[in-house]
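Quick note, the sequence shown lines up with residues 2 to 204 if you use the numbering used here. Glycine included, every Cβ here is placed at the ideal spot set by N, Cα and C.
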Amino acid sequence: MTTKAENIINWFEHKRIRRWYSKELRIMWVKTFKNLNRTDKPLSRYTSPKESNIKNFKVKLIMEELPNYENLYIRDKIKYISSECRRYNTTIEDNTHWLFCIKNIVKIDNIIKEAILEIEIEKDIKTKFLNSNKNVATRMTNKLHHKTIVKIKEKIWLQSKIELQEYPISMISQSINTENLEDIAEKEENYINNNIRKWGELF
(Lines of atoms letter the chains of each structure in order from A and count residues from 1; the text may use other names and numbers.)
(Lines give C-alpha, C1' and ligand atoms only; values in the text may rest on other atoms or scores of the structure.)
Protein backbone atom coordinates (compact mmCIF):
# COMPACT_ATOMS: atom_id res chain seq x y z
CA MET A 1 0.00 0.00 0.00
CA THR A 2 2.87 2.37 0.80
CA THR A 3 4.44 1.90 -2.66
CA LYS A 4 1.09 2.42 -4.35
CA ALA A 5 0.48 5.60 -2.34
CA GLU A 6 3.92 6.94 -3.26
CA ASN A 7 3.30 6.24 -6.95
CA ILE A 8 -0.04 8.04 -6.84
CA ILE A 9 1.53 11.06 -5.12
CA ASN A 10 4.40 11.17 -7.63
CA TRP A 11 1.95 10.92 -10.52
CA PHE A 12 -0.20 13.80 -9.33
CA GLU A 13 2.81 15.96 -8.57
CA HIS A 14 4.01 15.59 -12.17
CA LYS A 15 7.64 15.89 -11.17
CA ARG A 16 8.94 15.32 -14.68
CA ILE A 17 6.77 18.15 -16.05
CA ARG A 18 8.18 20.46 -13.40
CA ARG A 19 11.65 19.38 -14.47
CA TRP A 20 10.88 20.18 -18.11
CA TYR A 21 9.58 23.63 -17.22
CA SER A 22 12.63 24.34 -15.10
CA LYS A 23 14.77 23.89 -18.21
CA GLU A 24 12.67 26.48 -20.07
CA LEU A 25 12.25 24.29 -23.13
CA ARG A 26 10.62 25.83 -26.18
CA ILE A 27 7.83 23.68 -27.56
CA MET A 28 7.28 24.02 -31.30
CA TRP A 29 3.52 23.56 -31.21
CA VAL A 30 2.91 23.75 -34.97
CA LYS A 31 5.61 21.16 -35.73
CA THR A 32 4.39 18.95 -32.90
CA PHE A 33 0.80 19.12 -34.12
CA LYS A 34 1.83 18.27 -37.69
CA ASN A 35 3.97 15.43 -36.41
CA LEU A 36 1.18 13.90 -34.35
CA ASN A 37 -1.32 14.21 -37.20
CA ARG A 38 0.92 13.45 -40.17
CA THR A 39 -1.28 10.72 -41.67
CA ASP A 40 -4.39 11.53 -39.66
CA LYS A 41 -7.23 13.95 -40.41
CA PRO A 42 -8.29 15.47 -37.08
CA LEU A 43 -11.12 17.49 -38.66
CA SER A 44 -12.71 14.57 -40.50
CA ARG A 45 -16.06 13.09 -39.45
CA TYR A 46 -14.67 9.60 -39.01
CA THR A 47 -11.91 8.16 -36.88
CA SER A 48 -9.32 5.55 -37.71
CA PRO A 49 -8.39 3.09 -34.93
CA LYS A 50 -5.01 2.55 -36.58
CA GLU A 51 -4.19 6.26 -36.72
CA SER A 52 -5.44 6.72 -33.16
CA ASN A 53 -3.11 3.98 -31.93
CA ILE A 54 -0.16 5.55 -33.74
CA LYS A 55 -0.98 8.95 -32.24
CA ASN A 56 -1.31 7.42 -28.77
CA PHE A 57 2.11 5.84 -29.20
CA LYS A 58 3.66 9.18 -30.22
CA VAL A 59 2.16 11.00 -27.25
CA LYS A 60 3.29 8.30 -24.80
CA LEU A 61 6.78 8.38 -26.28
CA ILE A 62 6.97 12.16 -25.83
CA MET A 63 5.59 11.96 -22.28
CA GLU A 64 7.82 9.00 -21.37
CA GLU A 65 4.75 6.92 -20.54
CA LEU A 66 5.39 3.87 -22.71
CA PRO A 67 5.02 0.58 -20.77
CA ASN A 68 8.74 -0.19 -20.69
CA TYR A 69 10.13 -2.04 -17.69
CA GLU A 70 11.48 1.12 -16.08
CA ASN A 71 7.99 2.65 -15.93
CA LEU A 72 6.33 -0.64 -14.97
CA TYR A 73 8.82 -1.15 -12.14
CA ILE A 74 8.27 2.38 -10.81
CA ARG A 75 4.51 1.87 -10.82
CA ASP A 76 4.45 -1.57 -9.20
CA LYS A 77 7.68 -2.84 -7.61
CA ILE A 78 5.94 -5.94 -6.26
CA LYS A 79 4.63 -7.18 -9.59
CA TYR A 80 7.75 -6.17 -11.54
CA ILE A 81 10.89 -7.17 -9.67
CA SER A 82 13.34 -5.34 -11.92
CA SER A 83 13.56 -2.48 -14.41
CA GLU A 84 16.19 -4.27 -16.51
CA CYS A 85 15.63 -5.32 -20.11
CA ARG A 86 14.44 -8.95 -20.17
CA ARG A 87 16.45 -9.71 -23.28
CA TYR A 88 19.69 -7.86 -22.57
CA ASN A 89 19.60 -8.31 -18.75
CA THR A 90 22.29 -5.74 -17.98
CA THR A 91 20.65 -2.41 -18.88
CA ILE A 92 17.56 -0.62 -17.64
CA GLU A 93 14.82 -0.70 -20.26
CA ASP A 94 14.02 3.00 -20.44
CA ASN A 95 12.61 5.23 -23.16
CA THR A 96 15.87 4.99 -25.11
CA HIS A 97 17.02 1.41 -24.60
CA TRP A 98 14.08 -0.35 -26.25
CA LEU A 99 14.83 1.48 -29.51
CA PHE A 100 18.52 0.58 -29.64
CA CYS A 101 18.73 -2.73 -27.76
CA ILE A 102 21.21 -5.00 -29.54
CA LYS A 103 18.77 -7.89 -29.06
CA ASN A 104 16.10 -6.22 -31.21
CA ILE A 105 15.06 -8.35 -34.17
CA VAL A 106 14.47 -5.23 -36.28
CA LYS A 107 17.39 -2.79 -36.03
CA ILE A 108 16.95 0.99 -35.96
CA ASP A 109 19.47 1.27 -38.83
CA ASN A 110 17.21 -0.82 -41.06
CA ILE A 111 14.19 1.29 -40.12
CA ILE A 112 16.05 4.47 -41.12
CA LYS A 113 17.16 2.94 -44.43
CA GLU A 114 13.62 1.77 -45.17
CA ALA A 115 12.30 5.24 -44.38
CA ILE A 116 14.76 6.81 -46.85
CA LEU A 117 13.80 4.28 -49.51
CA GLU A 118 10.08 4.84 -48.87
CA ILE A 119 10.44 8.60 -49.33
CA GLU A 120 12.41 8.04 -52.53
CA ILE A 121 9.60 5.91 -53.89
CA GLU A 122 6.98 8.42 -52.72
CA LYS A 123 8.85 11.29 -54.40
CA ASP A 124 9.35 9.16 -57.54
CA ILE A 125 13.14 9.32 -57.66
CA LYS A 126 14.02 6.92 -60.45
CA THR A 127 17.64 6.27 -59.43
CA LYS A 128 17.54 5.10 -55.85
CA PHE A 129 19.91 6.93 -53.51
CA LEU A 130 20.59 3.94 -51.28
CA ASN A 131 21.62 1.75 -54.21
CA SER A 132 23.62 4.44 -56.02
CA ASN A 133 26.44 4.90 -53.59
CA LYS A 134 26.63 2.70 -50.49
CA ASN A 135 29.34 4.81 -48.89
CA VAL A 136 27.26 7.99 -48.97
CA ALA A 137 24.15 6.10 -47.92
CA THR A 138 26.01 4.63 -44.95
CA ARG A 139 27.28 8.04 -43.87
CA MET A 140 23.77 9.48 -44.15
CA THR A 141 22.29 6.60 -42.14
CA ASN A 142 24.97 6.87 -39.46
CA LYS A 143 24.36 10.59 -39.12
CA LEU A 144 20.59 10.15 -38.79
CA HIS A 145 21.16 7.28 -36.35
CA HIS A 146 23.54 9.34 -34.21
CA LYS A 147 21.26 12.37 -34.10
CA THR A 148 18.26 10.23 -33.23
CA ILE A 149 20.14 8.67 -30.30
CA VAL A 150 21.34 12.06 -29.05
CA LYS A 151 17.91 13.67 -29.23
CA ILE A 152 16.11 10.80 -27.53
CA LYS A 153 18.71 10.71 -24.76
CA GLU A 154 18.08 14.44 -24.27
CA LYS A 155 14.37 13.58 -23.88
CA ILE A 156 13.58 15.22 -27.21
CA TRP A 157 11.42 13.10 -29.49
CA LEU A 158 12.44 12.73 -33.10
CA GLN A 159 10.80 10.40 -35.57
CA SER A 160 13.01 9.42 -38.49
CA LYS A 161 10.18 9.03 -40.98
CA ILE A 162 8.75 12.46 -40.10
CA GLU A 163 12.10 14.19 -40.44
CA LEU A 164 12.68 12.53 -43.80
CA GLN A 165 9.37 13.90 -45.08
CA GLU A 166 10.94 17.36 -44.92
CA TYR A 167 14.35 16.24 -46.12
CA PRO A 168 15.38 18.00 -49.35
CA ILE A 169 14.99 15.15 -51.83
CA SER A 170 16.53 17.35 -54.53
CA MET A 171 19.84 17.11 -52.65
CA ILE A 172 19.65 13.33 -52.78
CA SER A 173 18.84 13.20 -56.49
CA GLN A 174 21.52 15.80 -57.16
CA SER A 175 24.14 13.68 -55.42
CA ILE A 176 23.45 10.82 -57.83
CA ASN A 177 24.57 12.84 -60.85
CA THR A 178 27.72 14.38 -59.46
CA GLU A 179 31.27 13.08 -59.37
CA ASN A 180 32.15 14.56 -55.99
CA LEU A 181 29.82 12.48 -53.82
CA GLU A 182 31.90 13.02 -50.69
CA ASP A 183 31.32 16.78 -50.83
CA ILE A 184 27.58 16.25 -51.28
CA ALA A 185 27.54 13.85 -48.34
CA GLU A 186 29.30 16.46 -46.19
CA LYS A 187 26.75 19.09 -47.22
CA GLU A 188 23.94 16.70 -46.34
CA GLU A 189 25.47 16.09 -42.93
CA ASN A 190 25.76 19.84 -42.36
CA TYR A 191 22.15 20.25 -43.43
CA ILE A 192 21.06 17.70 -40.84
CA ASN A 193 23.16 19.37 -38.13
CA ASN A 194 21.71 22.80 -38.89
CA ASN A 195 18.09 21.74 -39.24
CA ILE A 196 17.68 18.82 -36.85
CA ARG A 197 15.69 20.94 -34.41
CA LYS A 198 13.20 21.94 -37.07
CA TRP A 199 12.15 18.45 -38.12
CA GLY A 200 8.88 17.61 -36.41
CA GLU A 201 10.32 17.33 -32.94
CA LEU A 202 9.40 18.40 -29.43
CA PHE A 203 12.07 20.87 -28.32
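Nearest CA to the CA of residue 1: which residue from 106, 36, 119, 8? Lying outside 2 to 204, the shown extent of the chain, residue 1 is not represented and no answer is given.
Residue 66 in three-state terms, based on DSSP: Annotated three-state conformation of residue 66 is coil, per DSSP.
Since residue 78 contacts residue 33 with CB under 8 angstroms, what's their CB separation in whole angstroms? Contact flag wrong, Cβ pair sits at about 33 angstroms.
Based on the DSSP output, what are the partners of residue 93 in its beta bridges? In the DSSP output, where bridge partners are listed per residue, residue 93 has 85.
Under three-state DSSP, which class holds residue 103? In the structure shown, residue 103 falls within a coil segment according to DSSP collapsed to helix, strand and coil.
Would you identify the three-state DSSP class for residue 44, choosing helix, strand or coil? In the structure shown, residue 44 adopts coil according to DSSP, grouped into three states.
Does the beta-carbon of residue 59 have 16 or more other beta-carbons within 10 angstroms, so that it is buried, or is it exposed? Buried: at least 16 other Cβ atoms inside 10 Å.
Compare the Cα-Cα distances from residue 71 to each of 86, 57, 61 and report the closest residue. Residue 71 has its Cα closest to that of 86, out of 86, 57, 61.
Between residue 115 and chain C, is any beta-carbon pair separated by less than 8 angstroms? Protein chain content of the structure displayed is limited to a single chain, and chain C is not contained in it.
Where the alpha helix (DSSP H) through residue 38 begins and ends: In this chain, residue 38 is not harboured by any alpha helix (DSSP H), its DSSP state being neither H nor E.
Per DSSP, what kind of secondary structure is residue 56 in: helix, strand or coil? DSSP places residue 56 in helix when its eight states are reduced to three.
Per DSSP, what kind of secondary structure is residue 80 in: helix, strand or coil? Three-state DSSP puts residue 80 in coil, outside helix and strand.
When burial is assigned at 16 or more other CB atoms within 10 Å of the CB, is residue 96 buried or exposed? It is buried - the Cβ of residue 96 has at least 16 other Cβ atoms within 10 Å.
Quick check on residue 108: does DSSP put it in helix, strand or coil? Coil at residue 108, not helix or strand.
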